[in-house]
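Chemist: Structure below; questions to follow.
2 protein chains.
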Amino acid sequence: MLSKNKSKFIISLQKKKVRDEYQLYVIEGDKIVREYVSAGMPIKSLIAKPEFINSFSKDVTITFETEPVSYEELKQISSLKTPHNALAVVCMPEQKINQKKLLKEKCVVLDCIQDPGNLGTIIRAAAWFGIKNIVCSEDCVDIYNSKVIQASMGAIIHVNVLYSNLEEFLKAASEKEVPVYGTLLEAESIYDTELLDNAIILLGNESKGISDNLIPYIDHRIMIPRFTGNKPGIDSLNVGMAASVIFSEFAQRSV
Amino acid sequence: MLSKNKSKFIISLQKKKVRDEYQLYVIEGDKIVREYVSAGMPIKSLIAKPEFINSFSKDVTITFETEPVSYEELKQISSLKTPHNALAVVCMPEQKINQKKLLKEKCVVLDCIQDPGNLGTIIRAAAWFGIKNIVCSEDCVDIYNSKVIQASMGAIIHVNVLYSNLEEFLKAASEKEVPVYGTLLEAESIYDTELLDNAIILLGNESKGISDNLIPYIDHRIMIPRFTGNKPGIDSLNVGMAASVIFSEFAQRSV
């Protein structure tokens, strides 16, 4: 039986301010929770149906508190309309990356990504295509937002995410001569562009694109051409889809 | 002022049964509605704020009924939590494709795609990468579902979608020697596979993949490799992201 205070606290973690204060966030869903447990992530408490809690094999070390609850109790604390069988409160990792190290590896830089589904998709694509580092502008949606976690399918385990002032970060990159690729409308087709390894891939806001103050830092302007010949077509690809294509190109072709 | 009956009817179009009966569907959002109007799509009625209705330039021929409404009225008939300024009721196109023609052009075949967001994303990616034909299994989500329309950003204007029995369709394709590419876990990397033009690209259900009875029709088993070396990583790419990468490969490389 979940205490009232605990329920209240878990619900309050839907707010960024509370998450930041306690350095905790919530994950939901059987698959994600199972992945976190297997990966030994710093879970604080697991709130789940008794069957779920009892389903872990003896090999898995449970170092966190477990709280068996009913479906109705889960429903009360869930951010989802239809909750799954398990929810966990997880400690945020300490900041694992520093700028210096970042500039030696491939890195995705996100300028004001606002839609949680898009941020989650980008994180998932980055994890798939072997990109470990993501730098978000301070006005990007919070990675610990429950919708980001859902869309990333737990992929935030596999990437480092840093919120930072992008102009300063890109300035530092330019001083170190790290090549910066940015998506712009007037640009070269990514298929014809030489892609360098350990580069920065800069993606812009869903409707406004890359901010004016960041454009001067782009060394290689890239775009994904539309294959509709002379016929009219849709305006744009969604930023998550564009990211998938761009990361795929870098993964297979960068030198 | 929208009549009660009309409001009721528009809300009832959220149900597939009603859409099918009247051969009508609803689109929402300023951008999509504007695109439909510009493209001369068969709109039956436009229900929007007066400013929106008056915003069309003189060059645009308005052949449909227009109904100025207040935000509160829009809210009552909208499927969205926060409605936009415009909503339109649109006639479904007559079935424009036949199987014979289909087998002469590149075609995406979708086996039981259940998530409306995924289907919308796939339609958008297809439109971007010049794929005009999509065949859906009868258990795919309905393309006129409001969430599919939102996620496709109106891209269904640019593609033909046919719901069909996939086994029969793939059998006919195999008789005509149309190459079929299917995504499977045990498969060759798409980057190393020769991609033939005018092929069929078969994508499977979000969790179960391609149905067992369709697998024998696959000539080329493809997959998108994960670039994480020996380190553990995420399980899978989302089907919309995978579609974007696969369509991109076909668009640039198929011969």
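Heads up: the sequence lines are chains A and B, in that order. Reading the first sequence from the start, the letters are residues 0 to 254 in numbering that gives the first Met the number 0. Reading the second sequence from the start, the letters are residues 0 to 254 in numbering that gives the first Met the number 0. Cβ atoms here follow ideal geometry from the backbone N, Cα and C, with glycine treated the same way. From a predicted model like this one, the values you see are computed outputs, not experimental measurements.
So the alpha helix (DSSP H) T65(A) belongs to, where does it begin and stop?
Modeler: Segment E64 to P67 is the beta strand (DSSP E) holding T65(A); no alpha helix (DSSP H) there.
Chemist: Tell me whether Y70(B) is buried or exposed, calling it buried when 16 or more other Cβ atoms sit within 10 Å of its Cβ.
Modeler: By the neighbour-count rule (16 or more Cβ atoms within 10 Å), Y70(B) is not buried but exposed.
Chemist: Give a yes or no on whether 7 Å exceeds the smallest Cβ distance from Q22(B) to chain A.
Modeler: With 7 Å as the cut-off, Q22(B) does not count as an interface residue toward chain A.
Chemist: Within its chain, find whatever has a CB closer than 6 Å to the CB of Y143(A); leave out the 5 residues flanking it on each side and keep chain order.
Modeler: Only R18 and Y24 meet the Cβ criterion.
Chemist: Just to check my reading of the structure: Q98(B) and A171(B) have Cβ atoms closer than 8 Å, yes? What is that Cβ distance to the nearest angstrom?
Modeler: That belief holds up - the Cβ atoms of Q98(B) and A171(B) are roughly 6 Å apart, short of 8 Å.
Chemist: In the DSSP output, what is E27(B) paired with across the bridge?
Modeler: The partner list for E27(B) (beta bridge, DSSP) reads L86(B).
Chemist: Just list the residues that DSSP pairs N159(A) with in beta bridges.
Modeler: Paired residue(s): N132(A).
Chemist: Check whether the region 46 to 53 of chain B touches the region 231 to 242 of chain A, counting contact only when three or more Cβ pairs, one atom from each stretch, lie closer than 8 Å.
Modeler: Flag = no, the region 46 to 53 of chain B and the region 231 to 242 of chain A do not touch.
Chemist: Along chain A, which residues have their Cβ under 7 Å away from the Cβ of T227(B)?
Modeler: Ordered by position in chain A, the residues that pass the 7 Å Cβ test against T227(B) are G129.
Chemist: Suppose contacts are defined by Cβ-Cβ distances below 7 Å. Is R220(B) in contact with A186(B) by that definition?
Modeler: Yes, the Cβ-Cβ distance between R220(B) and A186(B) is below 7 Å.
Chemist: Could you tell me the distance, in whole angstroms, from the CA atom of A87(A) to the CA atom of G228(B)?
Modeler: C-alpha separation (whole angstroms): 29 Å.
Chemist: Taking the alpha carbon of S253(A) as the point to measure from, which residue in L73(A), V59(A) and E104(A) has its own alpha carbon closest?
Modeler: Of the candidates L73(A), V59(A) and E104(A), the one whose C-alpha sits nearest the C-alpha of S253(A) is E104(A).
Chemist: Report, in whole angstroms, the separation of the C-beta atoms of N4(B) and F51(B), which I expect to be a contact under 8 Å.
Modeler: No, N4(B) and F51(B) are not in contact; Cβ-Cβ is about 23 Å, not under 8 Å.
Chemist: Buried or exposed, going by whether 16 or more other CB atoms sit within 10 Å of the CB of S136(B)?
Modeler: By the neighbour-count rule (16 or more Cβ atoms within 10 Å), S136(B) is buried.
Chemist: Spell out whether any CB of chain B is found under 7 Å from the CB atom of G208(A).
Modeler: Cβ-Cβ to chain B under 7 Å: no for G208(A).
Chemist: If you run the structure through DSSP and keep just helix, strand and coil, what is S243(A)?
Modeler: In the structure shown, S243(A) sits in a helix (DSSP, three-state: H, G or I).
Chemist: Indicate the three-state DSSP secondary structure (helix, strand or coil) for I199(A) in the structure shown.
Modeler: Strand, per DSSP.
Chemist: Could you check which residue in L79(A), N212(A) and N117(A) has the C-alpha nearest to that of G181(A)?
Modeler: Residue N212(A) is the option with its Cα nearest to G181(A).
Chemist: According to a CB-to-CB cut-off of less than 8 Å, which residues of the region 37 to 61 of chain B neighbour chain A?
Modeler: The residues in question are A38.
Chemist: Specify, as a first and last residue, the run of the alpha helix (DSSP H) that V108(B) falls within.
Modeler: Here V108(B) belongs to no alpha helix (DSSP H); instead the beta strand (DSSP E) covers C106 to L109.
Chemist: If distances are taken between C-alpha atoms only, which option among V238(A), S173(A), I189(A) and S188(A) comes closest to I217(A)?
Modeler: Of V238(A), S173(A), I189(A) and S188(A), the residue nearest in Cα terms is S173(A).
Chemist: Would you identify the three-state DSSP class for E123(B), choosing helix, strand or coil?
Modeler: The displayed chain sequence assigns Arg, not Glu, to residue 123(B). The answer is helix: DSSP assigns R123(B) an H, G or I state.
Chemist: Determine whether the beta carbon atoms of L161(B) and V68(B) lie at a separation below 7 Å.
Modeler: No, they are not a contact pair.
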